[in-house]
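Line by line, the protein sequences are chains A and B. Residue 32 in this note's numbering sits at position 32 of the first sequence, and the numbers go up by one each step. Residue 22 in this note's numbering sits at position 22 of the second sequence, and the numbers go up by one each step.
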Amino acid sequence: ETGVTQTPRHLVMGMTNKKSLKCEQHLGHNAMYWYKQSAKKPLELMFVYSLEERVENNSVPSRFSPECPNSSHLFLHLHTLQPEDSALYLCASSQDRQGDEKLFFGSGTQLSVL
Amino acid sequence: GQNIDQPTEMTATEGAIVQINCTYQTSGFNGLFWYQQHAGEAPTFLSYNVLDGLEEKGRFSSFLSRSKGYSYLLLKELQMKDSASYLCAVDAGNNRKLIWGLGTSLAVNP
Chain A
1 ETGVTQTPRH LVMGMTNKKS LKCEQHLGHN AMYWYKQSAK KPLELMFVYS
51 LEERVENNSV PSRFSPECPN SSHLFLHLHT LQPEDSALYL CASSQDRQGD
101 EKLFFGSGTQ LSVL
Chain B
1 GQNIDQPTEM TATEGAIVQI NCTYQTSGFN GLFWYQQHAG EAPTFLSYNV
51 LDGLEEKGRF SSFLSRSKGY SYLLLKELQM KDSASYLCAV DAGNNRKLIW
101 GLGTSLAVNP
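This is the structure we're talking about:
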């Protein structure tokens, strides 16, 4: 089983829909992340959870709502999105230990907002 | 401000050696990462440098000079499967928020 699994791989939604992205990590890591990847832009950190507690929220619009029920699962709830939110959404996990912060990424959800 | 620069695109020939440069200007420095990302796939970790010098890992090596704010990724004996985007990222000590470059798209030609 792969280390970090994301579903769905592709998602098309209208601006009035509500959908959720799911991420699961099988690596025993303590921290989980949501990143946004858009063309011609660097990776943008959206949210970080460490031991299920949110430790970072980079001024993300409230139409994105994260949920971390345990250290292995992470969700991103989406509602009333805008076309500019179309992007690749990547989940990642890490040991969250000094000197060992390398990230393990899932394959991402390619989101299109119509 | 915080900034990372790397070339947008590079091309190289199968079997050759290529060097991908990354320069950074950040308020702090705890280490520098290189990731590889194939089209439509997850970024995967390649290397992590925290001290000056060269770290070798098989066909891939990564170099760091903290005084110059400079790193490079060296790929030897290029293979077609090395065609990918290579992302440079710096841990500037900002609470798990890495500073990312835009990535260098490498095309390996036969």
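Quick reminder that beta carbons are idealized off the backbone N, C-alpha and C, glycines included.
Residue-chain proximity (residue i, chain B), Cβ-Cβ < 8 Å
i	result
K102 (chain A)	yes
E56 (chain A)	yes
N27 (chain A)	In the sequence on display, residue 27 (chain A) carries Leu and not Asn. Chain B, which has no Cβ nearer than 8 Å to the Cβ of L27 (chain A), makes this no.
S62 (chain A)	no
F105 (chain A)	yes
G14 (chain A)	no
Exposed unless 16 or more other CB atoms sit within 10 angstroms - verdict on residue i
i	result
S71 (chain B)	buried
D96 (chain A)	buried
M80 (chain B)	exposed
G28 (chain B)	exposed
D5 (chain B)	exposed
S59 (chain A)	exposed
D52 (chain B)	exposed
P69 (chain A)	exposed
G103 (chain B)	buried
Neighbour flag for residue i against chain A, beta carbons, 8 Å
i	result
R96 (chain B)	yes
W111 (chain B)	Summary: the structure shown does not reach residue 111 (chain B), with chain B confined to residues 1 through 110, and so no result is reported for it.
F29 (chain B)	no
F63 (chain B)	no
F60 (chain B)	no
E5 (chain B)	The sequence given here places Asp at residue 5 (chain B); Glu does not occur at that position. No, because no Cβ of chain A sits closer than 8 Å to the Cβ of D5 (chain B).
D82 (chain B)	no
C-beta atoms of residue i and residue j nearer than 8 Å
i	j	result
Y78 (chain A)	S20 (chain A)	The sequence given here places Leu at residue 78 (chain A); Tyr does not occur at that position. Yes. Within cutoff.
Q36 (chain B)	T44 (chain B)	yes
K48 (chain A)	Q82 (chain A)	One detail in the question is off: residue 48 (chain A) reads as Val in this sequence, not Lys. Contact: no.
L32 (chain B)	N49 (chain B)	yes
S94 (chain A)	H29 (chain A)	yes
L74 (chain A)	M46 (chain A)	no
A92 (chain B)	L106 (chain B)	no
V55 (chain A)	Q25 (chain A)	no
P110 (chain B)	E14 (chain B)	yes
Beta-bridge partners of residue i, as assigned by DSSP
i	result
D5 (chain B)	B:T23
H38 (chain B)	DSSP, once it has assigned bridges, lists no residue as partnering H38 (chain B).
C91 (chain A)	A:W34
V108 (chain B)	B:A12
Any C-beta of chain A within less than 8 Å: which residues of the stretch 42–56 of chain B qualify? Those would be A42, P43, T44, F45, Y48 and V50, in chain order.
Compile a chain-ordered list of the residues in the stretch 69–91 of chain A whose CB is closer than 8 Å to at least one CB of chain B. Going along the stretch 69–91 of chain A in chain order, one finds L90 with a Cβ nearer than 8 Å to chain B.
Could you please tell me which residues of the stretch 37–48 of chain A, in chain order, have their CB closer than 9 Å to any CB of chain B? Along the stretch 37–48 of chain A, going in chain order, the ones with a CB nearer than 9 Å to a CB of chain B are Q37, K40, K41, P42, L43, E44, L45 and V48.
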